[in-house]
Structure formats: structure tokens, C-alpha cells
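In this note's numbering, the protein residues as written are 52 to 452.
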Amino acid sequence: MNDAIFPAILPTYNRTQIAFDKGEGAYLFATDGRRYLDFASGIAVTCLGHGHPHLVKALTEQGSKLWHCSNIFEIPDQQRLAERMTANSFADSVFFCNSGAEAVETGIKMIRHYHHVNGNPEKYRVICAEGAFHGRTLTTIFAGGQAKHTEGFGPEVQGFDHVAFGNLNETRAAITPETGAILVEPVQGEGGYKPADPDFIKGLREVCDEFGLLLMFDEVQCGNGRTGKYFAHEWFDTIPDIMATAKGMGGGFPMGACLATAEAAKGMVAGTHGSTYGGNPLAMAVGNAVLDVMLEPGFLDHVTAMGKVIRTGLEDLVRDFPDIFVEARGMGLMVGIKCADGVVNGDMVEALRQAGLLCVGAGENVVRMAPPLIVEESHIAEALDILRQTAATWGDGGGNA
């Protein structure tokens, strides 16, 4: 009845006119039967590919027993997953939620409450990086600070100051008596798959210790094995106080988590935070299944090895097609290739899709690739061949000049 007036689905997405009804490993199959190599992974979500038998088994077995119960009761698999995550990370405690934005929101609340219980409620401001993306809630869009996300959603949510990503001097200069924390992505995702310099990350820890600030990492996209470590900050040999994660954590099932040290989390007692769905039995069964695979000996080594293979291939493309590609970037299997001036990344993503490769655009004119962590060299070779053919025919019917 309302179709002629307004679409039934709120039109907040610029959708590609294609639908998928089946997935197997690194491939998706459209409703017309065409097969696509999936190097988008639902934007770095389906970390074990599609239809992974261990995940399917865990989901169906739990689904036949109990989907949901409230957090006012004990949830054994939630306890198990929390113990496994803390045993394999810096954290002492975990809060389970449903998405990355919720995980970031949890961390921001934790920052404010930490300083409140310490008698410093004025220390509520958080220093964030330009080009960041921390989610789509009202608070997290202003934490990200990008005008394309905040425009039209004023008045501004207060509490966030932005400095250049990677500039330690500017970060230090932005600290005021109201500053309570620094929030940064170790590898910027939406901002263009840009890894931070190790000295910058280590410097943030030193600055936080010097000024009594909390250090929070947003590993919603770069965590859960994506870079070849369980969490990306491990590459920088730096421990945060708080960390948000999600995406690959559930392998496609919606879940997120906020991890924290005992000191940072000490104010989060009963009644300070909650979630209706977060950590329910169905989610926890899948989360534990993902971790079963991710913690297998050699799994993360495979991610690192495959990351080197694809990075080498992307660097070859930059060398061979300097008028099309200008930079390869990223870490592990979180990789991107920056398009040259005059080559719009959205046009490149569309051309690659037409050729059978699914990728996603990102900031700074980057085409980002987040293949499933179970990707093999044959898949990477296939993807690189499609990229090469697309670049070779750019302006000759294979893409826009």
C-alpha cells in the first residue's frame, strides 16, 4: 500500500542490484546462478567463509536447544567464551553485545565511569583520529568525526576531539584537563585500510600513562585474526586498557564485545550497562565455534602467509599499472589498493564485480579487500588475475578512463 509513497525498506543503502542465495567457502552465488569470488566478506565479517561446517554445526545444534534467555540468568557458553577471550588477550573482563558500534559505546561509557568513580568526572573527553570510523550510532558518528556521517544529525554530541591519525605531537597537544582517554583504530578501516606506525601506537601508551588517560583501541574490523594476530595491536607490542571488537568475531552471526583490564572496568557494576540480546546462547555457541577454528595451531600463520601473497600481488599491480593503482596498503588479510587520480574507487569496485570479484570501497580512493581467513593461494591468484585484467582494459570497455 505504501510502495508508491515510500519504499518498505528505509532507503539508507545504495544497493547493488544483485542478490545472493548461497555461499560456499570463498564464493557467493547469486540468484541467477553466477558465482562470485567474495573478497568483501560482508565487510570483513565472514572470516571463515560461507557455510563453514563447524559453524553450521554449532548454530544448528544450539538452535535446536535454546536460542535466547535473559542476562538475568547464567549463560554457560558466555562464561566459556569470556574466559577463552581473556586467556588469549590483554583483558580481564568482557562485555558481550550485538555490534561494533555497541562495543565502542560500551567502551566510551566505561571511560566516563572510570573517571567518575575515581573522583574525576570532568575527565570525559576522548581524543580520536581524523578519518576514523567507530559506528553509526549518534555518539559513534561524532567519535568518528567525519562530516559525511555527522551532517544533518546535530547538535554535535560533545566529548570528542580529533587529531591527525599518526601524529603523536598533535595528540599530546590536544590533551586538556577534561581529557579522559584516547581512542584509535590500530588499522583504520573505513578510512582506507591504513595501519598505524608502531611508534605512534607505542607513543599513545606512553602518553596515556603520563597523563592518567585510558587507551582504547577500536578493533571492530582489524581484530579477530584479520591481520594475522588474534588482535592487531599485538603487532605493535602495546596493550590497551579497553578494546572494542565485532565483525569477524561471529563469522557472520551478529555479535560484538568490549574487552577491558580489571582497572579500567572496575566501575562497571550491576546496573551500569546491559543488553537484551548480547551474549545470548545462540550467539555464544557461534562465537565459541569461531574461536575453536581461529585458535587452531597454524591458523593465524596461514593468515599471515596469505597476506604476504596478496600484498606482493597488489604491489606488482601498482608497478605494472601506475596510471590505475598507486599504492598497496594494509596488514594481513586486511588489504587495499589505492586508485590513481581519475580512477574512482567506486567505479573500480563495480568493474571488478562485473568481472566476478567482490570488493568494497574505502576512504582515500581505496579498493579494500578482506577475503575470508581460510582463503587459499588459488583464490588469491584468481582475484589478482581479475584485478590485472580489469586494469589492463580500463578505458577500453573494462572501466572508466
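Just so you know, even glycine gets a beta-carbon here, dropped at the ideal spot from N, CA and C.
The model shown is predicted, which means the values in this text are computed figures rather than measured ones.
Problem set entry | Nonlocal neighbours in the same chain, by C-beta distance under 8 Å from A452, ignoring five residues either side | Interpretation of A452 is limited by its pLDDT of 41, a score under 50 that renders its predicted location unreliable; the figure taken from the coordinates is listed afterwards. Correct list, in chain order: G393, W445 and G446.
Exercise. Thinking C-alpha only, which one of A283, L346 and D436 is nearest L368?
Worked result: D436
Problem set entry | Spatial neighbours of L333 in its chain, beta-carbon cut-off 6 Å, leaving aside the 5 residues before and after | Q113 and W118
Problem set entry | Coarse secondary structure for I69, derived from DSSP in three states | coil
Problem set entry | Identified DSSP bridge partners for G76 | H101
Exercise. Of all the beta strand (DSSP E) runs that stay within the bounds of the segment 127-212, which reach a length of 3 or more residues?
Worked result: 144-148 and 176-180
Problem set entry | Identified DSSP bridge partners for R380 | Answer is G387.
Exercise. At which residues does the alpha helix (DSSP H) containing E433 begin and terminate?
Worked result: E428 to A443
For this session: With a floor of 4 residues, list each alpha helix (DSSP H) that falls wholly inside the segment 278-361, ordered by position along the chain.
Result: 332-345
Exercise. Is A336 near the ligand GTP, going by C-beta to nearest heavy atom under 7 Å?
Worked result: The model depicted lacks the ligand GTP and carries no ligand whatsoever.
Problem set entry | Residue(s) in a DSSP beta bridge with F268 | V235 and M294
For this session: For H105, collect the residues of the same chain with a Cβ closer than 7 Å to its Cβ; drop the 5 residues on either side in sequence, then sort them by chain order.
Result: Counting only Cβ-Cβ distances below 7 Å, and skipping sequence neighbours, we find A340, D343 and V344.
For this session: Give the range of the beta strand (DSSP E) segment to which V418 is assigned.
Result: V417 to M420
Problem set entry | T227 - DSSP class collapsed to helix/strand/coil | Note: T227 maps to coil in three-state DSSP.
Problem set entry | Reference E31, options G322, D371, L365 and G182, closest by Cα | Outside the modelled stretch of the chain, which goes from 52 to 452, sits residue 31, for which no answer is possible.
Problem set entry | Beta-bridge partners of V411, as assigned by DSSP | According to DSSP, V411 bridges with R419.
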